[in-house]
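Residues in the sequence shown are numbered from 1 upward in steps of one, following full-length UniProt numbering.
A short write-up of the structure that comes next.
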Amino acid sequence: MDLASFLTSVLTSFVIFAVLVLVFTFLSRRPGNAPVYYPSLLLRGLDPWEGRRRGTRSPVGWIRDALSASETDVIAAGGVDAAVYLVFLYSVLSILVYSGIVLLPVLLPVAGTDRGLELTAAAGVRPKNDDKNNSAPELPEIQRLALSNIQEGSMRLWAFLLSVYWVSFVTYFVLWKSYKHVSNLRATARSTPDVKPEEFAVLVRDVPRSSPDETIKDSVDSYFRALHPNTFYRSMVVTDHTKADKIYLEIEDHKKKIARAEVVYANSKTESNPEGIKPTHRTGFLGLIGKKVDTIEYCSEQIKELLPKLEAEQKTTLRDKQQRAAIVFFNSRSAAASASQTLHAQVFDKWTVMEAPEPRDIIWPNLSRTIYERQIRQVVIYSIVFLTVVFYMVPITAVSAISTLENLRKVLPFLKVVVDRPAIKTILQAYLPQIALIVFLALLPAFLTFLSKAEGIPSQSHVVRATSGKYFYFIVFNVFLVYTLGKTLFASLRTILDNANINVIINMLATSLPGGATFFLTFVALKFFVGYGLELSRLVPLIIFHLKRKYLCKTEDEVKTAWAPGDLGYSTRVPNDMLIATVVLCYSVMAPLIVLFGVAYFALGWLISKNQVLRVYVPSYESNGRMWPHMHTRIIAALLLYQATMIGVIGLKKFYYSPILLPLLPISFIFAYICHMRFYPAFAKTPLEVAQHELKETPNMDAIYTAYIPQCLKPDKLEDLDVFEDAQSHTTSRAPATANRTVGSCTSNLNCGREEGPARLMLDAAGGRTPSTHPALRHCVALLRLHLASPSLAAAKQLHARALRAGVLPSHPLLAKHLLFHLASLRAPPLRYAVAVLTRILPDPDPFSLNTVLRIAASSPRPRVALALHARRLAPPDTHTYPPLLQACARLLSLRDGELIHAEAAKNGFATLVFVKNSLVHLYGACGLFESAHRVFDEIPVRERNLVSWNSMLNGFAANGRPNEVLTVFREMMDVDFTPDGFTMVSVLTACAEIGALALGRRVHMYLAKVGLVGNSHVGNALIDLYAKCGSVDDARKVFEEMGTGRTVVSWTSLIVGLAVNGFGKEALELFGVMEREKLVPTEITMDFCSSFLGNVGKGVDGHGRCISDRAWAGSLEILDP
């Protein structure tokens, strides 16, 4: 390629890019295009034009926003995977920038001042085979700045040799820093206090076959409960739900059709036709043939028919289509991380345990593949990929050879008239080979993705990594190696045949190989100017969106689907970026000018990709940077290819010192090995020191479990989560056929009577349990949950009795679980009844039931019952066991028992949980051990402290008369920008009252009014007490009046006491009378102050005597005697 063609290609690409940027600037201002250019912001509820007017957006405003966005902003918008992708782009950019600092100012003058090409041309070896005549060969100006212009054996080659070392060590340095940075990013993401379902679960494959009378779920439960007795929560067996999913999708499709038809029907109603026209369609192929029906009625009928089928298929799937794989859940992150790294089985082909993928990342059909099937599939797929890579070289080589103008004139002579025109010749030389190559490569990714899924990989993110690896090696082999060598050999074939001399051939190769850089210069320019210009302008998605919205979309859901942006598409982005990185690295020393194009590509790619991550793309899954080891390995592969290429090219130049480059290859392998050993284990497994960080809230294990249930089997389809789990445990083969037939005759409500008793007892004897699909049990559970809004002990007992009469086993765990949960919801839970259900009805209590009763006992008048139940070890402790036990110790002021519970929690690995530490702070504060409380509080990382942590410290100091410490802790709380609540302010107001800090109390009052906490009755009582103790009676009265209906007995008592101690005995007595007329029962504190202070006002005997006689507190009469 001559200089004119090269400049035409680059300048044209740049003009296209500039035009696309201007188009983006214009179109992105229009509100109607916001779903195309700002979908990520819209989905996160952000205003794309916040802080600026739409019409005044600068053409470079997006650049400023992208540069100012931090890595935290990127993670919030696109996840850790997007941040790691940007780190990859920035790393390659850094390698090229640092390399270019030396290569450009050193190698360009060295190459440009030599005469290698002229001497080679004079010797008769032409770098290109132009025509048949013997005219002087063309010497492209670009090649004069490349290694091809250096004479053989020249001492100038030292500059190129040392540059190879410089680029290599720059790459080592940047990759080490980047690997360390990404490792820290991943650790931070895995240790955040947010609850993520995948951090509490492991994937178990290759579950061995169980006995005929045991389901797979029962086998998994018993196996993991035995190995992890204190941390195992529950399991979910993988099922073949293909048919259920198909039915579910049909129902969803009919729902969408109904929604669309309703909109069309509503729009058809006009003033002239108020009835409108009901939408219709044909039931045949593509709606073109078949019977014409009313869309709304037809789809509604179809849904009615499909729902029973879905329910039946769900039950069949859960019961009869269980696979040899499961998701096992643990009650803490550290327990799940430990289980995923533990070798469970003695043989390798059983109980394969690994970290569970994210729920939306799972490929369900692949989970049940056995280890032997996976290995066989892997060998077959790798063989197919190898054949694909190797045999694609034939069409690639043909395209690369034929696409040159010289070869087109030879192969297609009739094109000579066209291609010989100067203008057309320049354009074709600039674009024809590149466009042919890009189109050819666009056909491959879908095929490689299919092959990767066929390997049996369990997660979509892993499939993306596998596809990316296959695609990388394909394009490097076929584009870089085969295309370059094939084009060179094809163009120089006549020279090789005419000069069958090894020296001539070597000279020709040494000259022609570096000359191939001109093609890749224009290839890179086309990729980053036009490719990234189209990426930024999003013209294709914009056109498609507006066409769909105008002609196809009728409902809001259809519009959202039309502008759904998807994710970054790492499976093709990363390999294409790696191709450019490989090409630029390999030619960086041979043709240093390519470094400038590489810097432009990755700088522009980093900037535009960051903009797209922040504003456009929405991640479809999150692997927390698991892609980085893949990226690092491919960069090392590109570096090795670069080093091997330079060893060969400099050797072909007859430079006898070229063997000095040989140590680079083992150095690169050693560097890769060290990086793998140091960093990779933390990517393959989650380190325990990362997993043990505390959560900001108690994890909802039911929500975590539900997150992994496939959409077509969600609990709302099966009425209850426990029904879903129990359906997997139930085996119909356990009960004889006669028992099943008898059970089938039962009625489906709680009033089926005692006639069902014998049948139910027969099933109990045959199966050992009542199935969760039993109508009586289902109705009882549903009613218990229905009564949670207004729980009633009588209703709970009645429902319990009716379920037992209907034949439900008393020991059924589902019934007991919901019954205990209902009892815990009562204002005064019956402790005796709850303990009876736990200890007498349940033969083997589960941790949830035990913890429920512990909470009831800890808040009851008999908290020691909680300690007694714990001592019986009815169920293994979990994350929710220790807080109620510590609460019971705090109420009993039993420091000894509390320290024992603390030690046990630490031994079982639960003492580091933030909610356990909060309970410990409360315990030590209640017992007066402030140093211990403060020590535990300090052990909680500042970013993990929650409101309960701070309130526990404040309450402990306030309850023990330490007002100064209360105010000190409160200042620390405000310094870290923690928003207090009503309980916080009660402790602060109590401290102010203790030290008489009226001014500070007024400031606190103003703050409370500002944040809207004055209406809190506890806060109001504390304000009355503050003003009363500080002598500001009018303020106390004002607060009392403002409380209105929120006043409690404590409010009345606080004001009466305040009036009395401040010398307003008469007013206090009058207020006491008002309190009596309000039919409020005074506390003993109220009576004591009435007795002590009101006798001095002359009416104390009569008035107070009347109160005492009314309340039958005769023991206080002696105080009133004269």
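C-beta: ideal position from N, C-alpha, C; glycine also.
Nothing here was measured: the structure is a model prediction, and the numbers come from that model.
In three-state terms, what does DSSP make of residue i?
{"i": "E355", "result": "strand"}
{"i": "K278", "result": "coil"}
{"i": "L7", "result": "helix"}
{"i": "D294", "result": "strand"}
{"i": "V204", "result": "strand"}
{"i": "Y248", "result": "helix"}
{"i": "F1064", "result": "coil"}
{"i": "M590", "result": "coil"}
{"i": "F232", "result": "strand"}
{"i": "S210", "result": "coil"}
{"i": "A737", "result": "Because A737 carries a pLDDT of 35, less than 50, the predicted location of this residue cannot be relied on, and the following value inherits that uncertainty. DSSP places A737 in helix when its eight states are reduced to three."}
{"i": "S825", "result": "coil"}
{"i": "V837", "result": "helix"}
{"i": "S268", "result": "coil"}
{"i": "T582", "result": "helix"}
{"i": "V92", "result": "helix"}
{"i": "E899", "result": "helix"}
{"i": "V463", "result": "helix"}
{"i": "G1044", "result": "helix"}
{"i": "L239", "result": "Note on identity: in this sequence residue 239 is Thr, with Leu being the wrong assignment. T239: strand per DSSP, three-state reduction."}
{"i": "T990", "result": "helix"}
{"i": "V389", "result": "helix"}
{"i": "I63", "result": "helix"}
For residue i and residue j, I'd like the C-alpha separation in whole angstroms.
{"i": "A356", "j": "R369", "result": "15 angstroms"}
{"i": "I251", "j": "V21", "result": "44 angstroms"}
{"i": "M677", "j": "S668", "result": "14 angstroms"}
{"i": "D878", "j": "Y708", "result": "21 angstroms"}
{"i": "L895", "j": "A926", "result": "9 angstroms"}
{"i": "A997", "j": "C1030", "result": "8 angstroms"}
{"i": "D213", "j": "H546", "result": "59 angstroms"}
{"i": "P847", "j": "T1048", "result": "38 angstroms"}
{"i": "S733", "j": "W364", "result": "For S733, the predicted model reports a pLDDT of 37, less than 50, meaning its position is unreliable; a value from the coordinates is still stated below. C-alpha separation (whole angstroms): 27 angstroms."}
{"i": "V167", "j": "K255", "result": "60 angstroms"}
{"i": "F978", "j": "V969", "result": "12 angstroms"}
{"i": "A226", "j": "N851", "result": "20 angstroms"}
{"i": "R754", "j": "H800", "result": "Annotation note: pLDDT 35 at R754 (below 50); position unreliable, coordinate value reported separately. Approximately 15 angstroms, taken between the alpha carbons."}
{"i": "E1078", "j": "A890", "result": "35 angstroms"}
{"i": "A201", "j": "F329", "result": "4 angstroms"}
{"i": "D240", "j": "G456", "result": "15 angstroms"}
Which same chain residues end up closer than 7 angstroms to residue i when comparing Cβ atoms and leaving out the 5 residues on each side of it in sequence?
{"i": "A34", "result": "L42, P48"}
{"i": "L831", "result": "I856, A857, S860, R862, V865"}
{"i": "L448", "result": "T467, K470, Y471"}
{"i": "I63", "result": "L607"}
{"i": "V36", "result": "R538, P541, L542, F545, W563"}
{"i": "T572", "result": "P445, Y471"}
Can you give me the Cβ contacts of residue i inside the same chain, cut-off strictly under 6 angstroms, excluding the 5 residues immediately before and after it?
{"i": "A510", "result": "Because A510 carries a pLDDT of 48, less than 50, the predicted location of this residue cannot be relied on, and the following value inherits that uncertainty. Excluding sequence neighbours, A510 sits near L652, K653."}
{"i": "T522", "result": "S9"}
{"i": "A189", "result": "V80, N624"}
{"i": "I704", "result": "P197, F200"}
Which whole-angstrom value is the C-beta distance of residue i and residue j, which I expect to be below 8 angstroms?
{"i": "residue 1124", "j": "H693", "result": "The structure shown has nothing for residue 1124, since the chain only spans 1 to 1122."}
{"i": "L1008", "j": "V1019", "result": "6 angstroms"}
{"i": "V238", "j": "A326", "result": "6 angstroms"}
{"i": "N87", "j": "S178", "result": "It is Val, not Asn, that sits at residue 87 in the sequence shown. Indeed they touch by this definition, with Cβ atoms about 6 angstroms apart."}
Can you find the residues in the same chain that come closer than 8 angstroms, C-beta to C-beta, to residue i, ignoring five residues on each side of it along the sequence?
{"i": "residue 1129", "result": "This structure does not reach residue 1129, given that the chain is present from 1 up to 1122, and the question cannot be answered."}
{"i": "L108", "result": "L145, P592, L593"}
{"i": "Y372", "result": "D349"}
Counting only beta-carbon separations shorter than 9 angstroms, does residue i have a partner in chain B?
{"i": "L286", "result": "The chain inventory of the structure shown lacks chain B, comprising one protein chain alone."}
* To do: Scan the stretch 310–361 and note each continuous beta strand (DSSP E) run of 3 residues or more that stays entirely inside, going in chain order.
  => Counting whole runs of 3 or more residues, the stretch 310–361 contains the beta strand (DSSP E) stretches 322–330, 352–355.
* Asked: What residue ranges within the stretch 631–702 form continuous alpha helix (DSSP H) runs of no fewer than 4 residues, ordered along the chain?
  -> DSSP runs (the alpha helix (DSSP H)) wholly in the stretch 631–702: 664–684, 688–691.
* At 4 residues or longer, and completely inside the stretch 837–881: list those alpha helix (DSSP H) runs for me, N to C. => For the stretch 837–881, whole alpha helix (DSSP H) runs of length 4 or above, ordered along the chain, are 847–858, 864–871.
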